[in-house]
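In this text, residue positions in the sequence shown follow this note's numbering: the first is 30, and each later residue adds one. The structure appears below as structure tokens.
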Amino acid sequence: MDDVRKVAGYSTQKKCRVLMSQLYQFAIKRETATTNYSRYVEIDRHHVVYKKRPFTIREINRLWKQADDDTIQDVLILIYTGLRIGEYLALQPQDIKIRERYIDIRHSKTQAGVRKVPISKRILPFLIARKRRGIICQDDSYDAFRRRWDKMMKRLSMHHTPHECRHTLASLLDSAGVNDTVVKMILGHARRGVTKAIYTHKTLRELRKAVDDL
């Protein structure tokens, strides 16, 4: 862990400590160890290097004025769906349900992330065209996507990361008075006491209305 601290920050150190804990639990269960020493491993304190900033309404309006650009469409899709970048890159045409207007997220970093994300009427044409084209996002890696993203941000004189699209949607939903449960279902955040999301026609209708009203 001392070697890790020389080259990696808080997030990586924390993941390494979690892995150590899991290994110790595995060993204790099989009686090859008696103590989980990972609890005594110290890591660096968490320092916020970059404060997340949502897109402003003025910036979003600027994006809409140039919405014929493929990369800007990516940004608008991310803003109005709140998808994680990994979720977006993994999308397949069959995940886009045009008639019911939702995106079927079948794999995510968390259990709560497996969900149905409503498609706003505003970005529906983008996804219809991409579904017909057979490719939702042209990039197959985060690095490739980030290169396009950074080039576009520089051209527009904006300073945002892809993850800030999720913060933007959360901010827009909050400003629109959308209740906390609906926000968590759209973003794929865990809800206390809920182990599995139950989607009914009524639920999907409520989720669609929430994003349509933005």
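In this text, a Cβ means the ideal position worked out from N, Cα and C, and glycines have one as well.
Going straight from the alpha carbon of residue i to that of residue j, what length do you get?
i: Thr-224; j: Arg-184; result: Since pLDDT at Thr-224 reaches only 47, below the 50 mark, its modelled position is unreliable, and no value is offered.
i: Leu-120; j: Ser-50; result: 33 angstroms
i: Pro-122; j: Asp-168; result: 14 angstroms
i: Asn-65; j: Leu-153; result: 51 angstroms
i: Thr-61; j: Leu-201; result: 52 angstroms
i: Lys-58; j: Ser-67; result: 15 angstroms
i: Asn-90; j: Cys-166; result: 22 angstroms
i: Arg-234; j: Ile-132; result: 14 angstroms
i: Leu-92; j: Lys-80; result: 22 angstroms
i: Asp-203; j: Asp-32; result: 43 angstroms
i: Glu-116; j: Thr-229; result: 22 angstroms
Using DSSP bridges, identify the partner residues of residue i.
i: Arg-144; result: Ile-134
i: Lys-126; result: Tyr-131
What is the C-beta distance between residue i and residue j, in whole angstroms, given that I count them as a contact (C-beta under 8 angstroms)?
i: Ile-215; j: Val-146; result: 6 angstroms
i: Lys-231; j: Arg-220; result: That pair is no contact at about 17 angstroms.
i: Gly-217; j: Ile-134; result: 7 angstroms
i: Met-182; j: Glu-88; result: Not quite, the Cβ-Cβ distance comes to about 10 angstroms (not below 8 angstroms), so this is no contact.
i: Leu-236; j: Val-211; result: 6 angstroms
i: Phe-155; j: Ile-114; result: Contact doesn't hold; Cβ gap of about 17 angstroms is too wide.
Count the other CB atoms, across all protein chains shown, that sit within 10 Å of the CB of residue i; report buried if there are 16 or more and exposed otherwise.
i: Arg-144; result: buried
i: His-192; result: exposed
i: Ile-108; result: buried
i: Leu-48; result: exposed
i: Ser-149; result: buried
i: Phe-55; result: exposed
i: Val-110; result: Looking at the sequence provided, one finds Thr at residue 110 rather than Val. Flag for Thr-110 reads buried.
i: Tyr-69; result: exposed
i: Ala-239; result: buried
i: His-136; result: exposed
i: Arg-162; result: exposed
i: Ile-101; result: buried
i: Lys-94; result: exposed
Counting only beta-carbon atoms, is residue i nearer than 8 angstroms to chain D?
i: Lys-44; result: Reference to chain D is not applicable here, since this structure consists of a single protein chain.
- Would you check if the segment 169-177 and the segment 126-135 touch, i.e. whether three or more CB-CB distances between them fall below 8 angstroms? no
- Task: Specify whether the segment 78-87 and the segment 179-198 touch according to this definition: at least 3 beta carbon pairs, one from each stretch, less than 8 angstroms apart.
- Result: yes
- Message: Does the structure place the segment 33-43 close enough to the segment 67-77 that three or more beta carbon pairs sit under 8 angstroms?
- Response: yes
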